[in-house]
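Beneath this line is the structure, given in structure tokens, with notes to follow.
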Amino acid sequence: TAVVEAPFCPSYVLTMFPITFSILLDSSVTASKFMKQSQPSTMEMNEMSADSETPPLATYPLKEMRIVVEDEESPRPIGDIPVSYLPSDRLTELLSTDHDRDDDCESKLSFIMKEKLHMFAGDIRRRTSEVRDEMEREVTPDLVSVLDGSVAPTAQHRPSLMSLIGLQRPAADNGDATESKSCLPSSIDPHSRKYLVWLSIVVVAFLYNAFGIPLRSTYPYQTESNLPYWLTADYTADMIYIIDLFIVKPRLRFMKGGIAVKERKEMAKHYLMSMTFKLDLLSIAPLDVLYIWTGPIAVWRIIRLCKLLSFWQLFNLLDNSFSNPYIIRITKTLGYMIYIIHCNSCIYYLLSAWQAFGQIAYRMNNKWYLNKWVYNNQGNAYVRCFYFTAAVATSTGNNPAPTNVIEYVYMTFSWMMGVFVFALLLGQIRDIVSNANRNREQYRQTMDMCLSECKRLQLPKEIVDRVRDWFIYTWHRQKTLDEKKLIEKLPLKLQTDLALSVHYTTLSKVQLFQDCDRALLRELVLKLRPVIFLPGDMICKKGDVGKEMYIVNDGILQVVGGDHNEKVFAELTEGSVFGEISLLAIGGNNRRTANIRSKGYSTLFVLSKEDLNDVIKDYPDAQQLLRRKARQMLSNDAKAKQDNDKGEQKTLEEKCRISTRLSTPRMLDTVVKVLPETSVTGQQLRSALEMRSSRVQHVDTLPESFPDDESDAEVAKVFENE
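If you count the sequence shown from 1, position 13 lands on 13 in full-length UniProt numbering, and the numbers rise without skipping.
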């Protein structure tokens, strides 16, 4: 503000205002042009002198001006500058015009200041954008650690397996906490273990009704003495039905649009609109009120069999829950067979009782015979009838011939049931058993074909035995010859999750891939393939071009050397990794540096160079990171090797160095200390030892002759004289 209010004087401003020195220095050219243009011409001066009352060179009337300069410590005015201190001639020349000249000067200086401010603002915007871009640029923690030379983060900072798969459980909210504390949850997962246990209880109640109702309706196993027990069991099963109908089933979750619905009203509405609700409601129909007129007849409870859907649902859940569902399927099929025979035995006993258990004779060819086809009421009724119906249904033969029309109809129905139903069930059992052994049969066929081909080619017996051993070990280890065929039909997402579950722990042990991008790890696990090596197999040889990286999953490997690989330098166990540097070929290090042999049966995961390049081509940042890590590992290995070589060289030099510095025997030192100083022998012995030590030469190799032989002779002479 002082520059704008005062007349323009560059020297004075530079003297009084060091703060504005840089701005005025940059605008010196513009200011000089402005001063030349502001000087009035001779004609203008004459006109001004004629019109004005004051002479042209008179001092222009100026007011006293206060210039304020702020100090850093305490802002205070520097002082009042009177007008008389200003050079009057220069001021008269500059301010000969009117105050419009001052306005013009102010506008010129403001223009310069605006330009400077615009330039300063542009610099600020540029630097701000650069800083923002720097902050928005994605810099991985691995890259920062490698650039800083820091140690790789520990395992606690690595992403967990569930987070990589995408199944990381979020923190439980208040609703979930309430559900866990409550005995009765608001929603039930139809695939959970709790619902599976409850469904098993419901099926037990259903099987009680399914087997008990026909049994009590035909056989004389329900009497007045045990009727309370039967009724207690009946109403216990009914109570289970009611709980399942009104409490459990309305809380079952269901899928709608691919999303599990957990709202109470929606779940209840979905259950009420389903066929399951109608059958469940029908299964608890109170037909027991008919006991009032007919007595406790169990046949009125036949409506309880409408709970059949729960039986099917249980076996479907068990089929999906077990890793080996063939036992569940066989059990279900056998249950059908047993139940059909059970119902058929009840009908057979009813026919036998209707014909008085064979006590009513019938006439044939003018002769009377007793009916031997029916049950004769001897022995255990249920066991005898069950055996007869099983023999008839399976057509085993040696059955008594029917004697009347009803018996013929029953036998015909039983044979038809045996031909169609039991043939279908037995065929289903055969399919189940064959499917369970399909992999084994394929394994045997493949091994037989391979061994036959080896024999046709007349290969040596050692090779044929190794082929057979590989097939046997692979089957016992994996139960399949090709794991990838088992998951080829799965979506890529499930394949990745399955591979992560199997290989993530193994892959995380590789130092080269620690703390890499998650997407890169998810793709790398799909490239790992298991390879089985037999005892004595050479996995890699020294000097070979390295195109694969190996991770030991099971077994022991040996690092061997020598002419016939008879020397064992080290052993590699589970989790060891080798060959990772050769994948990137940093500095031409793509050659194997050792011979590695399998000690026994070993399983290794292999990652080829082509697969790695195929994956990292889409991750340029990760590619640079891997190369930096590989270089760092190479430098660390080189430094360790250099330190090891220096240590070995130093040890070798110490072993090879021979010195003539011989220490004085302890016995002589002891004798010298024991002998008194006045003893002649002690004096001679001391002088001899001093002469010997002075003559010893410190050299690195043994000389041809020792100069201290005389001293040794003198010492011996002293002892002889003594």
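C-beta atoms are modelled at their ideal positions from N, C-alpha and C, and glycine is treated no differently.
Remember, it's a predicted structure, so these values are computed and weren't measured experimentally.
Buried or exposed, going by whether 16 or more other CB atoms sit within 10 Å of the CB of histidine 698?
Within the sequence shown, the letter at position 698 stands for residue 698. Per-residue confidence for histidine 698 stands at a pLDDT of 45, beneath the threshold of 50, marking its modelled position as unreliable; the derived number appears in the next sentence. When all chains shown are included, histidine 698 counts as exposed.
Using 7 Å as the threshold, is the C-beta distance between alanine 622 and cysteine 516 below it?
Residue 622 sits at position 622 when you count from the first residue of the sequence shown. Residue 516 sits at position 516 when you count from the first residue of the sequence shown. Their beta carbons are under 7 Å apart, which means alanine 622 touches cysteine 516 by this criterion.
Kindly give me the distance between the Cβ atoms of threonine 496 and arginine 522, rounded to whole angstroms, as I take these residues to be in contact under 8 Å.
Within the sequence shown, the letter at position 496 stands for residue 496. Within the sequence shown, the letter at position 522 stands for residue 522. Yes, they are in contact, since the Cβ atoms of threonine 496 and arginine 522 sit about 5 Å apart, within 8 Å.
Report yes if the CB atom of threonine 474 is closer than 7 Å to the CB atom of asparagine 553, and no otherwise.
Counted from its first residue, the sequence shown places residue 474 at position 474. Counted from its first residue, the sequence shown places residue 553 at position 553. No, the pair does not count as a contact, with Cβ atoms beyond the cut-off.
Which residues in the same chain as valine 248 place their Cβ atom closer than 8 Å to its Cβ, once the five residues preceding and following it in sequence are excluded?
The residue you call residue 248 lines up with position 248 of the sequence shown. Answer for valine 248: Ile188, Tyr195 and Trp198, listed in chain order.
Which residue wins for smallest C-alpha separation from histidine 191, given the options Ala594, Arg253 and Lys269?
For this step, residue 191 is matched to residue 191 along the sequence shown. Cα-wise, what sits closest to histidine 191 is Arg253.
Give me the Cα-Cα distance between proline 400 and leucine 279, rounded to the nearest whole angstrom.
Along the sequence shown, read from residue 1 onward, the residue named residue 400 stands at position 400. Along the sequence shown, read from residue 1 onward, the residue named residue 279 stands at position 279. Cα to Cα, the separation comes out at about 42 Å.
Can you tell me whether DSSP reads asparagine 324 as helix, strand or coil?
Along the sequence shown, one-based indexing puts residue 324 at 324. Looking at asparagine 324 - three-state DSSP - the assignment turns out to be coil, as it is neither helix nor strand.
Mind the definition here: the stretch 323-335 touches the stretch 427-436 only if three or more C-beta pairs lie below 8 Å; say whether that holds.
yes
Quick one, are the C-beta atoms of threonine 403 and tyrosine 362 less than 7 Å apart?
Position 403 of the sequence shown, counting from 1, holds the residue named residue 403. Position 362 of the sequence shown, counting from 1, holds the residue named residue 362. Closer than 7 Å, so yes.
Taking proline 530 as part of the alpha helix (DSSP H), name the residues at either end of that continuous run.
Translated into positions along the sequence shown, residue 530 becomes position 530. Unbroken run through proline 530 is the beta strand (DSSP E), 529-533; no alpha helix (DSSP H).
Proximity winner among Arg438, Phe277 and Lys114, relative to lysine 479 (alpha-carbon distances):
By one-based count along the sequence shown, residue 479 stands at place 479. Comparing Cα-Cα distances from lysine 479 to each of Arg438, Phe277 and Lys114, the minimum goes to Arg438.
Tell me the rounded alpha-carbon separation between glutamate 70 and methionine 113.
Indexing the sequence shown from 1 puts residue 70 at position 70. Indexing the sequence shown from 1 puts residue 113 at position 113. Residue placement at glutamate 70 is poorly supported in this model, since its pLDDT is 42, which falls under 50; the coordinates are not used for a value here.
How close, in whole Å, do the beta carbons of valine 464 and lysine 455 come, if the pair is a contact with beta carbons under 8 Å?
Against the sequence shown, residue 464 aligns to sequence position 464. Against the sequence shown, residue 455 aligns to sequence position 455. With 8 Å as the limit, valine 464 and lysine 455 qualify as a contact, their Cβ atoms being about 7 Å apart.
Tell me the residue span of the alpha helix (DSSP H) that contains threonine 412.
Start at 1 with the first residue of the sequence shown, and residue 412 comes out as number 412. Where threonine 412 is concerned, the enclosing alpha helix (DSSP H) stretches over 405-416.
Do you know offhand how far leucine 290's Cα is from glutamate 488's?
The residue you call residue 290 lines up with position 290 of the sequence shown. The residue you call residue 488 lines up with position 488 of the sequence shown. Whole-angstrom Cα-Cα distance: 60 Å.
Nearest to lysine 599 by alpha carbon, out of Lys617, Leu534 and Met549?
Reading the sequence shown from its first residue, position 599 is the one you call residue 599. The residue with the shortest Cα to Cα distance from lysine 599 is Leu534.
With three or more beta-carbon pairs closer than 8 Å as the criterion, would you say the stretch 212-229 touches the stretch 342-355?
yes
Name the residue from Ile556, Gly555, Tyr235 and Gly561 whose alpha carbon lies nearest to the alpha carbon of lysine 541.
In the sequence shown, residue 541 corresponds to position 541, counting from 1. The residue with the shortest Cα to Cα distance from lysine 541 is Gly561.
Please report the straight-line C-alpha distance between glutamate 407 and methionine 447, rounded to a whole angstrom.
Residue 407 sits at position 407 when you count from the first residue of the sequence shown. Residue 447 sits at position 447 when you count from the first residue of the sequence shown. If you take the alpha carbons of glutamate 407 and methionine 447, they lie about 56 Å apart.
Tell me the start and end of each unbroken beta strand (DSSP E) in the UniProt domain "Cyclic nucleotide-binding" (512-616) that is at least 3 residues and wholly inside, in chain order.
529-533, 538-540, 548-554, 557-561, 567-572, 595-598 and 602-608
Using a threshold of 7 Å, state whether the C-beta atoms of glycine 579 and glycine 555 are closer than that.
Within the sequence shown, the letter at position 579 stands for residue 579. Within the sequence shown, the letter at position 555 stands for residue 555. The answer is no: Cβ separation not under 7 Å.
Label tyrosine 443 either buried or exposed according to how many other C-beta atoms from any shown protein chain fall within 10 Å of its C-beta, with 16 as the threshold for buried.
Here residue 443 is taken as the residue at index 443 of the sequence shown, counted from 1. Buried, since its Cβ has 16 or more Cβ neighbours within 10 Å.
Quick one: any contact between the stretch 224-232 and the stretch 330-349, if contact means 3 or more CB pairs under 8 Å?
no
Proximal residues to leucine 526 (C-beta, below 7 Å), its chain only, five neighbours per side dropped
Here residue 526 corresponds to residue number 526 of the sequence shown, with the count starting at 1. Only Gln495, Thr496 and Ala499 meet the Cβ criterion.
Whether or not the stretch 206-214 and the stretch 302-309 are in contact is what I'm after, with contact meaning three or more pairs of Cβ atoms, one per stretch, closer than 8 Å; do they touch?
yes
In the DSSP assignment, the beta strand (DSSP E) including arginine 363 goes from what residue to what residue?
In the sequence shown, counting from the first residue as 1, residue 363 sits at position 363. Taken as a continuous stretch (DSSP letters only), the beta strand (DSSP E) holding arginine 363 covers 361-364.
Going by beta-carbon coordinates alone, are serine 310 and valine 202 separated by less than 7 Å?
The residue given as residue 310 occupies position 310 in the sequence shown. The residue given as residue 202 occupies position 202 in the sequence shown. Yes, Cβ-Cβ distance for serine 310 and valine 202 is below 7 Å.
Hey, does aspartate 517 have any beta-carbon neighbour from chain B nearer than 7 Å?
Among the chains in the structure shown there is no chain B, since it carries only a single protein chain.
Nearest neighbour of serine 582, chosen from Thr276, Arg592, Glu574 and Gly575 [CA to CA]
Counting from one through the sequence shown, the residue named residue 582 turns up at place 582. Per the Cα distances, Arg592.
So what does DSSP say about lysine 372, is it helix, strand or coil?
Against the sequence shown, residue 372 aligns to sequence position 372. Of the three classes helix, strand and coil, the one that applies to lysine 372 here is coil, per DSSP.
Looking at alanine 205 and alanine 237, is the spacing between their C-beta atoms short of 7 Å?
On the sequence shown, residue 237 is found 237 positions in, with the first residue counted as 1. On the sequence shown, residue 205 is found 205 positions in, with the first residue counted as 1. A contact, by the Cβ cut-off of 7 Å.
Among residues of its own chain, excluding the 5 on either side of isoleucine 242, which ones have a beta-carbon nearer than 8 Å to its beta-carbon?
Here residue 242 refers to the residue found at position 242 of the sequence shown. Once the five neighbours on either side are set aside, the close Cβ partners of isoleucine 242 are Ile284.
Quickly, what does DSSP pair valine 261 with across the bridge? List them, please.
Residue numbering aside, residue 261 sits at position 261 when the sequence shown is read from its first letter. Paired residues: Phe254.
Three-state secondary structure assigned by DSSP to lysine 367
As a position in the sequence shown, residue 367 is number 367, starting the count at 1. It is a strand residue.
Counting C-beta neighbours from all protein chains within 10 Å, is the total for threonine 389 16 or more, i.e. buried, or is it exposed?
Within the sequence shown, residue 389 is the residue found at index 389, counting from 1. When all chains shown are included, threonine 389 counts as buried.
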